[in-house]
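This report refers to the structure that appears directly beneath it.
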Amino acid sequence: MLCMLDHYDSRFFLGLGACRQATENWSAALETYSFATFLDVNDPRFPFHAAECLMQLSDFDGAQCGFESARLLATDKPEYEDIVLQAETMLEVINIKREQQNERNHH
Numbered sequence: 001m002l003c004m005l006d007h008y009d010s011r012f013f014l015g016l017g018a019c020r021q022a023t024e025n026w027s028a029a030l031e032t033y034s035f036a037t038f039l040d041v042n043d044p045r046f047p048f049h050a051a052e053c054l055m056q057l058s059d060f061d062g063a064q065c066g067f068e069s070a071r072l073l074a075t076d077k078p079e080y081e082d083i084v085l086q087a088e089t090m091l092e093v094i095n096i097k098r099e100q101q102n103e104r105n106h107h
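Residue numbers for the sequence shown, in UniProt numbering: 1 to 107.
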């Protein structure tokens with residue numbers, strides 16, 4: 001409802017995306033975060049949470065791009081220090097998952 005009342009306030013879309021993500025509606029959450037990125041291109045939370053959804057959809061290339069974008073946007077912004085650390089951790093997880101996939105494909 002809030003998104004319809006003020007469709008220029010990215011905070012409302014962050015909330016809507018979080019609700020969709022919490023109910024495991026990954027595609028709808030991804031769509032919401034992607035739209036919100038256009039409203040505030042400097043907010044690292046949108047690519048970060050979009051990347052989380054992409055991980056759930058097993059789109060590791062897309063997730064990597066999202067986590068890298070979030071990390072770049074959050075760097076040098078103390079209020080987003082946690083996002084930098086979480087994005088770096090998730091990038092490591094992606095590398096591990098890719099290695100596991102490669103091992104399964106070669107056996």
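We put the CB at the ideal spot given by N, CA and C, even for glycine.
Just how far apart, CA to CA, sit residue i and residue j?
| i | j | result |
| --- | --- | --- |
| residue 37 | residue 53 | 15 angstroms |
| residue 12 | residue 98 | 34 angstroms |
| residue 2 | residue 17 | Unreliable placement is indicated for residue 2, whose pLDDT of 45 sits below 50; no coordinate value is reported for it. |
| residue 10 | residue 33 | 9 angstroms |
| residue 107 | residue 39 | 46 angstroms |
| residue 95 | residue 64 | 9 angstroms |
According to DSSP, is residue i part of a helix, a strand, or is it coil?
| i | result |
| --- | --- |
| residue 25 | coil |
| residue 42 | coil |
Is any non-hydrogen atom of the ligand NAP found closer than 7 angstroms to the C-beta of residue i, if you look at the structure I gave you?
| i | result |
| --- | --- |
| residue 29 | With respect to small molecules bound, the structure shown includes none, and the ligand NAP cannot be examined in it. |
Below 8 angstroms on the Cβ atoms is my guess for residue i versus residue j; work out the distance and round it to an integer in Å.
| i | j | result |
| --- | --- | --- |
| residue 44 | residue 73 | 4 angstroms |
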